[in-house]
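Each protein sequence line maps, in turn, to chains A and B.
Mapping to my numbering: the first sequence position 96 is 101, numbers consecutive.
Mapping to my numbering: the second sequence position 55 is 101, numbers consecutive.
Here the structure is laid out as structure tokens; the discussion comes afterwards.
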Amino acid sequence: MRKLMFAGLFVVGLSAVAQGGTSAPDRWIHVRVVDSGQGETVNVNMPLSMAEMVLPAINQKDFHAGKISIGQADMHDVDLPMLLNALRDAPDNEFVTVKSSDEDVRVAKQGGNLVVHVRESAGKSGKGNEHVDVTIPMRVITAMVAKGEHELDLNAALRELETLGDTTLVTVNEDTETVRIWVDSRNNSN
Amino acid sequence: MTRGQRVLAYFGVLALIAVVLVAWDGVITVRVREKTPGGHLIYVAVPGIMIPVALHFIPARYFRGAHDAQLRLVLPAVEGVINSLSNISDTVLVEVASPGSHVIVRKLGRSVVTDVNDDDADVHVSVPLRAIRATACAIAAKVSAVDAADPPDSTASVSEPSS
């Protein structure tokens, strides 16, 4: 009887391991906006697989079938796909640095990511301090522009995000408002 | 069989049908509790299968306006979202909290549950995933029936964006 019980437990254990091995963990995209001035908090937690399903259903102006069309006119004749491809092939470097009395902007390629930092202090503008950090893995950018033809493939970007580790994509910190967008394997934003 | 036994048997069959209906697509529940003095408490529970069944009786002509590219995109997306939701554990999908108002949309069991709590009322809506899928399928079937009878103009499909 005891042998039978152990055999049963062994089978249950094996099946659990097998299930754990075959099912890929869901990747989640999280958005959190906290506006302490208004006392408002917004949390969105969505599996990337679900976002992939939703995107093709949105068909508004330049956004269709999970892709954003970029007209040459909108880009002032800058070939964005070509620019991003050049960025992908470039070594780690600082591309743009702007420093002024109340503003500090930095665009760089760093550790396989495109990094944008904006630091704006309360100066002449009269606005409060603002810190913006955007980190986009180059693999995501590559996937977005792979098809070229003046469109950004957001679905491909989402698929690529699913293969990456936990990543913070965007953080914005203002005096009273914070925004954070990140990807991980947890189903909550705590 | 006595008359009493026959009545009991009828009730038994009706109860069985009710159980099957409920089990098929779950139950859509809506509960509204007004916070004003003397406010009402409204509770509605409808078997999820009732909506696709009701759609079945709506004449196809009312779906003629559904010759719409957007609907054709939305229906598969709904199916995909429901599949995705079916495979995830219970979680909060959207939460918006502001002074005097709290909205929360979550996946709970096999349902999507929305709770809205503000100064005027508490609203709770629970919709089983299977009911949403069945409703989307019923709408898709109606649109297909309209298409078969009156093929849509090919130019009305997804419009290419202007460059």
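Built from N, CA and C at the ideal position, the CB exists for glycine as well.
Return the first residue and the last residue of the alpha helix (DSSP H) that residue 238 of chain B is part of.
-> Outside the displayed span of chain B (47 to 209) sits residue 238 of chain B, for which this structure offers no information.
Would you mind giving the Cβ-Cβ distance between residue 5 of chain A and residue 120 of chain B, rounded to the nearest angstrom? I have them listed as a contact below 8 Å.
-> Outside the displayed span of chain A (6 to 195) sits residue 5 of chain A, for which this structure offers no information.
With which residues is residue 196 of chain A paired in a DSSP beta bridge?
-> The structure shown does not extend to residue 196 of chain A, since chain A is modelled only from 6 through 195, so no value can be given for it.
9 Å Cβ cut-off: residues of chain B touching residue 87 of chain A | Neighbours of residue 87 of chain A on chain B: none; closest Cβ ~16 Å, over 9 Å.
Starting from residue 159 of chain A and walking both ways along the alpha helix (DSSP H), at which residues does that stretch end?
-> 159–168
Can you check whether the CB of residue 95 of chain B is closer than 8 Å to the CB of residue 128 of chain B?
-> Going by C-beta atoms, residue 128 of chain B is not nearer than 8 Å to residue 95 of chain B.
Going by C-alpha distance, which of A:46, A:32, A:186, A:42 is nearest residue 147 of chain B?
-> A:46
Compute the Euclidean distance between the alpha carbons of residue 60 of chain A and residue 166 of chain A, then round it to the nearest angstrom.
-> Going from the Cα of residue 60 of chain A to the Cα of residue 166 of chain A covers about 15 Å.
Do you know whose CA, among A:135, A:67, A:36, A:124, lies nearest residue 182 of chain A's CA?
-> A:135
Where does residue 70 of chain A sit, in a helix, a strand or coil, going by DSSP?
-> coil
Per DSSP, residue 88 of chain B is paired with what?
-> B:78
Excluding the five sequence neighbours on either side, which residues of its own chain have a C-beta within less than 6 Å of the C-beta of residue 97 of chain B, listed in chain order?
-> 181
Contact list for the stretch 131–142 of chain B against chain A, Cβ threshold 9 Å = 131, 133, 134, 135, 136, 137, 138, 139, 140, 141, 142
Among A:107, A:110, A:102, A:96, nearest to residue 118 of chain A - alpha-carbon criterion = A:96
Supposed contact pair residue 53 of chain A and residue 5 of chain A - C-beta distance, whole angstroms, cut 8 Å | Residue 5 of chain A lies beyond the stretch modelled for chain A, which goes from 6 to 195, so this question has no answer here.
Reduced DSSP category for residue 179 of chain A - H, G, I as helix; E, B as strand; rest coil = strand
Under 8 Å between C-beta atoms, does residue 84 of chain A make it to chain B?
-> no
Please check if any C-beta of chain A sits within less than 8 Å of the C-beta of residue 177 of chain B.
-> no
Residue 210 of chain B, DSSP secondary structure in three states | Residue 210 of chain B is absent from the structure shown; chain B starts at 47 and stops at 209.
For residue 174 of chain B, return the contacting residues in chain A, with the cut-off set at a CB-CB distance below 8 Å.
-> Here the premise fails: no neighbours, minimum Cβ distance about 17 Å.
State the CB to CB distance for the pair residue 130 of chain B and residue 55 of chain A, rounded to an integer number of angstroms; the pair is presumed to be in contact (CB under 8 Å).
-> At roughly 4 Å, the Cβ-Cβ gap stays under 8 Å, so residue 130 of chain B and residue 55 of chain A are in contact.
Contact with chain B by residue 44 of chain A, beta-carbon distance below 8 Å | yes
Every unbroken beta strand (DSSP E) within the stretch 143–194 of chain B, with a cutoff of 3 residues, ordered by chain = DSSP runs (the beta strand (DSSP E)) wholly in the stretch 143–194 of chain B: 147–154, 157–164, 167–174.
DSSP state of residue 141 of chain A, grouped into three classes?
-> strand
Taking 8 Å as the CB-CB cut-off, is residue 31 of chain A touching chain B?
-> Yes - at least one Cβ of chain B is within 8 Å of the one on residue 31 of chain A.
Separation of residue 81 of chain B from residue 165 of chain B, as counted between CA atoms | 7 Å
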